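Asks: Below you will find the structure I want to go over with you.
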Amino acid sequence: WQELKRRKVVRVIIVYAAASFVILELTDIVAPSLGLPDWTLNFIIILLCVGFIITVIVSWVYDITPEGISQTKPAN
360 WQELKRRKVV RVIIVYAAAS FVILELTDIV APSLGLPDWT LNFIIILLCV GFIITVIVSW
420 VYDITPEGIS QTKPAN
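This is the structure in structure tokens:
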């Protein structure tokens with residue numbers, strides 16, 4: 360658990376979940392108005408799930424610092 364917090368994976372998961380919720384709600388509201396097909400919401404859910412896995416892996420491996428993106432140092 361400490362390693363997840365040190366690498367800021369927990370923060371990334373929380374932000375991703377909040378952003379995903381907003382995207383899903385907006386899609387649910389806007390899709391009928393735009394005449395999008397019924398499978399649009401399912402497609403967005405699949406994209407968000409795949410993006411979640413990629414985001415968690417990237418947040419584990421890399422850190423965003425003021426100097427740019429760098430690989431996370433292993434714990435001593």
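Residue numbers (the numbering used here): 360 to 435.
The beta carbon of each residue, even a glycine, is placed where N, CA and C say it ideally should be.
Given the structure is predicted, the values throughout are model-derived calculations rather than measurements.
With H, G and I counted as helix, E and B as strand and the rest as coil, what does DSSP make of D422?
Replies: Start at 1 with the first residue of the sequence shown, and residue 422 comes out as number 63. Looking at D422 - three-state DSSP - the assignment turns out to be strand.
Asks: Taking all protein chains shown into account, decide if S418 is buried (16 or more other Cβ within 10 angstroms of its Cβ) or exposed.
Replies: Taking the first residue of the sequence shown as position 1, residue 418 is located at position 59. With 16 or more neighbouring CB atoms inside 10 Å of its own CB, S418 falls in the buried class.
Asks: My output table needs one value for P391: the three-state DSSP class, helix, strand or coil.
Replies: If you number the sequence shown from 1, residue 391 lands on position 32. Three-state DSSP puts P391 in a helix.
Asks: One question on the structure: do V368 and V415 come within less than 8 Å of each other, judged by their Cβ atoms?
Replies: Sequence index remark: in the sequence shown, residue 368 carries index 9 (1-based). Sequence index remark: in the sequence shown, residue 415 carries index 56 (1-based). The answer is yes: Cβ separation under 8 Å.
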